[in-house]
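A.B. asks:
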Amino acid sequence: MSDELPDLRASDADRERVAEQLRDAMAEGRLDMTEFEERLDATYKARTYGELEPLTRDLPSHGTKVSMVKGPVRDDPAAIDWSERMVTGEPTSTMGFALWSGFSRKGGWVVGRQFNGFAMWGGGDIDLREARFTEQDVEIRCFTIMGGMQVTVPPEMTVVVKGFGFMGGFDDRATGEGTPGSPRVVVKGFALMGGVGVDRKIRRMEKLRLKEERRRLRQEERRQLRDQ
Numbered sequence: 265m266s267d268e269l270p271d272l273r274a275s276d277a278d279r280e281r282v283a284e285q286l287r288d289a290m291a292e293g294r295l296d297m298t299e300f301e302e303r304l305d306a307t308y309k310a311r312t313y314g315e316l317e318p319l320t321r322d323l324p325s326h327g328t329k330v331s332m333v334k335g336p337v338r339d340d341p342a343a344i345d346w347s348e349r350m351v352t353g354e355p356t357s358t359m360g361f362a363l364w365s366g367f368s369r370k371g372g373w374v375v376g377r378q379f380n381g382f383a384m385w386g387g388g389d390i391d392l393r394e395a396r397f398t399e400q401d402v403e404i405r406c407f408t409i410m411g412g413m414q415v416t417v418p419p420e421m422t423v424v425v426k427g428f429g430f431m432g433g434f435d436d437r438a439t440g441e442g443t444p445g446s447p448r449v450v451v452k453g454f455a456l457m458g459g460v461g462v463d464r465k466i467r468r469m470e471k472l473r474l475k476e477e478r479r480r481l482r483q484e485e486r487r488q489l490r491d492q
């Protein structure tokens with residue numbers, strides 16, 4: 265940000281960009297919850313660029329701060345930008361195995377062209393809500409024997425479920441189109457006396473954003489009542 269324009273009035277979009285940077289910093293462990301809440305509160309109260317700029321000054325992974333050059337504004341600031349989720353390199357994991365135990369893949373892990381999960385008398389948790397992808401077409405293969413496996417995807421993802429169960433279940437309710445640029449994830453496999461669930465759930469950061477928005481609206485309502 266230019267030091268010559270500290271008093272320029274900030275827009276709602278500017279405040280939301282700073283809030284998003286703070287959410288990322290908390291997810292990376294750069295801010296604890298107390299620091300995050302304090303800075304977030306200051307973000308929504310800020311009226312100028314000069315008040316916004318210090319809130320991300322010490323976050324090295326977010327060095328862009330608040331840009332004076334406006335980019336295109338998305339209709340939904342919380343929507344996934346899939347171009348940022350497509351990466352190069354090796355996947356973090358290609359297999360999960362559970363025998364009388366469990367396995368979990370979640371967070372910002374890197375998913376390759378294919379991931380195989382097997383659970384026997386155990387369980388598996390495959391969460392793609394924050395994942396990154398090396399390929400546009402991905403297969404998640406789930407095999408369970410007297411066990412269970414849960415695949416969680418964000419609402420914006422294109423998903424096709426093709427698995428089947430015998431004396432068990434393979435949930436296909438999540439099948440559907442996602443937003444433009446989404447990877448196409450095909451979940452297939454077999455459940456014997458067990459089950460595989462595939463659910464669409466909003467991301468943790470989106471839950472947090474909605475909670476913040478409700479709190480901000482309550483604060484605005486209280487201020488309006490005081491000003492009457």
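Numbered by the working numbering, the letters in the sequence shown go through residues 265 to 492 in order. Yeah, the Cβ is synthetic: ideal placement off N, Cα and C, and Gly gets one too. These figures come from a predicted structure and were not determined experimentally.
1. Sort G366, I390 and M421 by Cα distance to S357 and report the nearest one.
2. Whose C-alpha, out of L272, G376, A274 and G381, is nearest the C-alpha of F454?
3. Below 8 Å on the Cβ atoms is my guess for K426 versus K452; work out the distance and round it to an integer in Å.
4. Smallest Cα separation from V282: which of M384, E315, G386 and M457?
5. Nearest by alpha-carbon distance to P318: which of R349, G388, R279 and E348 is it?
6. Nearest-angstrom Cα distance between R478 and S275?
7. Just the C-alpha distance for D345 and P419, rounded to the nearest angstrom, thanks.
8. Please state the DSSP three-state secondary structure of E206.
9. Tell me which same chain residues have a C-beta within less than 6 Å of the C-beta of G371, skipping the five on either side of it?
10. Among the residues of its own chain, which have a CB less than 6 Å from the CB of Q378, if the five just before and after it don't count?
11. Any idea what DSSP makes of D288, helix, strand or coil?
12. Cα separation between E441 and R396?
13. Can you tell me where the alpha helix (DSSP H) with R349 in it begins and where it stops?
14. At which residues does the alpha helix (DSSP H) containing G314 begin and terminate?
15. Beta-carbon separation of F300 and L286 under 7 Å?
C.D. replies: Walking through what the data contain:
1. I390
2. G381
3. 4 Å
4. E315
5. R279
6. 19 Å
7. 13 Å
8. Nothing in the structure corresponds to residue 206, since the chain is present only between 265 and 492.
9. E394
10. E403
11. helix
12. 18 Å
13. W346 to R349
14. Y313 to L316
15. yes
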